[in-house]
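Data first, discussion second: the structure below is written as structure tokens.
Numbering (this note's numbering), first residue to last: 81 to 1348.
Rendered as structure tokens:
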């Protein structure tokens, strides 16, 4: 039995030993796991990161949990922010057991090369924000709680860096940096002495110029000995620290050599010295100091606090980064501060003097101001009162009174419940003649001007528990700039009256601000009510009244004008804790004027609002706006909804109730051009749901009825148009889904067509699929929006089509479209019947991958004619694999294309032109030049096209435009880099060959041009008949032309510098009448010399040769010839800055055919005329003057009347001076003026409009002298 027992015990002991061994082994394994780098990085650091709100990472870690931690390459980085801390090494040696027992026992804490970088953006947010947690309520200290026991033996920072960076709105940075920072702290523990040493380099930098950056660098050092008591309160402290500015530039330049020294010598009962000295070169510049008896344990004492001679050398240290220089400013202050009854009573008595205060900023210097303040204040903290025994404030500007303030007797302030027995006291403050222009340095871009004054009376009552105040302020001749808006010469008056109870509750009984000019009020606003300074509770009533015409005279708003009207608001604002409510009425009454392109006449808006805001919830309970024009109601818009401002979840509903033409016309009119909105009626609902900050859904159900848009001179009676629009669109992030977008149009009760859009599209990836369908859109639907077709009325049209875009795959995208226009019929008011119906079709088939754009088909089909099938096909391919050098080809082909019918839609047919009323179009009288923008004489900037090489070919077998018939039109060209070429471009026009080569360089300012062309016997008649059918068959002949031109730019300035080349053209076999400028002169000559053929013979030949270069146009030869007479013109034309203003002063030589000259006395002709010549030269008496834009012939009266020619004229004068011819001659040679006719007066000598478009000299002369 005993053996059995022994065996059992041995077995149990063995099992317990095994279990214990396993436990020990597990503990050892667990220890190695917990102290491993992998466990620390994979388990501990993620928890730490989550706790501090930043990613905490290390490259390596060595951990002895009871005594030591060593981290390599520590990094702390808030999400999506710059790292806030980086350190090469962190070492901590400690006693974990002491820490567990409540004693912080740290043997060593070392940071090697730590970098702390705090960055604040222009909106005040920094990378420190995610780490800083909101302050938790402070825990109530426990009575008799023992102070913590600390024993930190050594703290070391080696080669540290601290950077504070502030990003500015203009892109610059303010940087404050401590580098090579070394800190050594020895012995920080209860009841013991310690030592602190530090040294660092300092750099301050702010934006400046490249030549003079705003930079200051220096050194910082300190050495302090201290003793702490058992409660860790300072017992003794003595030491010195100083900053020395070694280098400075820019705005900091005058701080070079400045030293700021901190001196401390404190004992438990005495402040021997606590001061900051500012020195340069060993000489003191200023001092801030405090000394005197102070028992720290009792919190009682008497300190003398003073500032001595603080001037620009010190003040610029704070203002230099803002570009502020304090000039001769000097500050002095002496104060006595007494603390008694354990710091519960504080008394401050002293004075503050600021002499010759003046600052300079952005080259603006303020006036010199002297300011003196004297005060004596006692604060009773237990009773929550303060007694201001004395207070005076006086300021002068350039030795003239500026402001003064004083107490009539001691004033008590009470923010508690105790009422004192101090008599009523008053404080008065006055500011007089403050010239705002003197203080522009502080006003930024406002650039203010005017004179300000202020008067404040404050009366303390009921022992200081209530303060009655009365404030008035005047601002006279006020001017300022607010962005693009200005206010000028305004008078502003401010009034505020009320009381402040217990320094907590404000009761504003009356406040008012008025804006006037010349005694007439332009704006006024009032407010009254209560506001709790601590609770935030408020109940305020406010009104606003703006007289808009006067206000717009004072406040200049861009593109706006008011002739009449006012704007008013009457509302109430309530606030309790976290809830604010705004209710009121807003109105615009009888407004006439414009805002931008919107012109309003007697327009009225009346609205009601009821909006509530809680901590995170915005609720629009009611917002209604009713529109009215004059006495005509215009409908109403109603908005309601709610929004969680924290989650951005909410919904809004907009209702349109009876919106009609009276409410909508001013806002629709700019898009209608000459058309007029006659009537409209809109009703419907729009609902917007916000599911998060990036999730939205919009549903709309709108009905438009009685839409009538009238065109000027419209002959078709208007019928009302109606439409129903349904939409269901959502946006999730960047993904847009169009579930429904449908419009059904109805005209006069009959369907007028519809369109449907469905699909999806990602705004970020640009992927998606969209489908569009147009069904049966007819003239009733498109007439109000279709551009005017000349002077014709649209009778019928039918539009159908589909389009689809499949963009879901970046490697296979496709766009297809097929649109058809049928039954296009218009009515010409000059014809009894409508035109024949026309049709057109546009087909598109294109594909796109990441690199290739394939234009498989872009085909335009027009209604076929007897001359052409009317099919035009465009194909092409673009390779975008190199986005900076796109390559490809484009080809245009057509067997035959006749655009005559569509051209006639806008210009009128041949028959219409022929039947036009005589005199409606006066041949030879050029139309008035259309004014162009002021910058029309500016050259365009160069382009940089992302093109490698794109070739262009065009091959059109036949092309017809009225009587113009072009065959074999071929074009070869393309775009290579910034160069566009068409070489060659050739065709046969009405049987005559034409050719041109064009080379345009878009890479230079104004663009470079190289152009050559030729035309061989091109018939003039079909061209003239096609474009001037009112003069059918009056232009005959053949054109022979060639030219070669190079230039950069097209303005006169550029052409004068760069234009070179030549142009020659000839009209042969011509049959053209002289123009209205030259024909009357020929009539005179024909009558005078009794040779009627001079005036009756048409032009049969014209020849002109022009050369360009050296800043001028050289007319080497320009001849106009008929069977009877020949006119010569030659000479230089200097090119003016504006081409059309280039001056003309050229003689016109006239020759008479010899067979006709034989009828006249030979003395009338020049003696050197070749007897064998076919023409005999007449005396010189005719010149062309004016400008290229407005040439005009001029008769030399003296030359005309002298010699044999004058004798002939005088012989026949009695006969030829009769009738219209006689009146014209007398207008030339003297006597009574020419008869008044409906022809425009001769603009001889008058410069052309500077806004006229440039044109060729040949065309100008042709228009003035040759055109019938």
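Every residue, glycine too, gets a C-beta built ideally from N, C-alpha and C.
Whose C-alpha, out of 546, 532, 574 and 548, is nearest the C-alpha of residue 557? 532
When the Cα atoms are used, what is the spatial distance from residue 263 to residue 322? 15 Å
Top-ranked residue by Cα proximity to residue 540, from 151, 575 and 491: 491
Looking only at its own chain, which residues have a Cβ that is under 6 Å from the Cβ of residue 896, when we skip the five neighbours before and after it? 884 and 925
Whole angstroms is fine: what's the gap from residue 970's alpha carbon to residue 956's? 4 Å
Span of the beta strand (DSSP E) holding residue 1228? 1223-1233
Is the distance from the Cβ of residue 898 to the Cβ of residue 923 below 8 Å? Yes, the pair counts as a contact, with Cβ atoms nearer than the cut-off.
Could you tell me which residues DSSP puts in a beta bridge with residue 1172? None, per the DSSP bridge assignment.
Which term fits residue 1215, buried or exposed, when burial requires 16 or more other beta carbons within 10 angstroms of its beta carbon? buried
Can you tell me the Cβ-Cβ gap for residue 905 and residue 914, rounded? I've got them flagged as a contact below 8 Å. About 5 Å; that satisfies the 8 Å criterion.
Beta-carbon proximity of residue 1098 to residue 1122, cut-off 8 Å: no
Does residue 206 pass the burial test, meaning 16 or more other C-beta atoms within 10 Å, or should it be called exposed? buried
Tell me whether residue 843 sits in a helix, a strand or coil according to DSSP, three-state version. coil
Is there contact between the stretch 767-780 and the stretch 745-754, where contact requires at least three CB pairs shorter than 8 Å? No, the stretch 767-780 does not touch the stretch 745-754.
Alpha-carbon spacing of residue 1238 relative to residue 1173, whole angstroms: 13 Å
Quick check on the DSSP output: what are the complete alpha helix (DSSP H) runs of length 4 or more inside the stretch 274-337, in order along the chain? Listed in chain order, there is nothing to give.
Would you mind stating whether residue 234 and residue 185 have Cβ atoms separated by less than 8 Å? no
Roughly how many angstroms separate the alpha carbons of residue 434 and residue 374, rounded to a whole number? 29 Å
Going by beta-carbon coordinates alone, are residue 589 and residue 601 separated by less than 8 Å? no
If you run the structure through DSSP and keep just helix, strand and coil, what is residue 522? It is helical.
What's the C-alpha gap between residue 994 and residue 767? Unreliable placement is indicated for residue 994, whose pLDDT of 42 sits below 50; no coordinate value is reported for it.
State the Cα-Cα distance for the pair residue 729 and residue 759, rounded to the nearest angstrom. 39 Å
Whole-angstrom distance between residue 928 and residue 903, CA atom to CA atom: Approximately 34 Å between the Cα atoms of the pair.
Assuming residue 640 and residue 675 are in contact, meaning their beta carbons sit under 8 Å apart, how far apart are those beta carbons, in whole angstroms? 5 Å
For residue 397, report the span of its alpha helix (DSSP H) as first-last. Start and end: 392-399.
Going by CA-CA distance only, name the one from 514, 280 and 493 that's closest to residue 477. For residue 477, the closest alpha carbon among the candidates 514, 280 and 493 is that of 514.
One question on the structure: do residue 342 and residue 320 come within less than 8 Å of each other, judged by their Cβ atoms? yes
Using DSSP's beta-bridge definition, name the partner residues of residue 614. DSSP output for residue 614 lists no bridge partner at all.
Which runs of the alpha helix (DSSP H), 4 residues or longer, sit entirely within the stretch 513-584? none
Check each candidate in 159, 1200, 964 and 448 and name the one with the smallest Cα separation from residue 931. 964
Using beta-carbon positions only, say whether residue 208 and residue 198 come within less than 8 Å of one another. yes
Is the beta carbon of residue 1210 closer than 8 Å to that of residue 1195? yes
Taking the beta carbon of residue 977 as the centre, do at least 16 other beta carbons fall within 10 Å, making it buried, or is it exposed? buried
Contact defined as beta carbons within less than 8 Å: I believe residue 1140 pairs with residue 1188. What is the distance between those atoms, to the nearest angstrom? 6 Å
Return the bridge partner residues of residue 445 from the DSSP annotation. 440
If the criterion is Cβ atoms closer than 8 Å, does the pair residue 615 and residue 591 meet it? Not a contact, by the Cβ cut-off of 8 Å.
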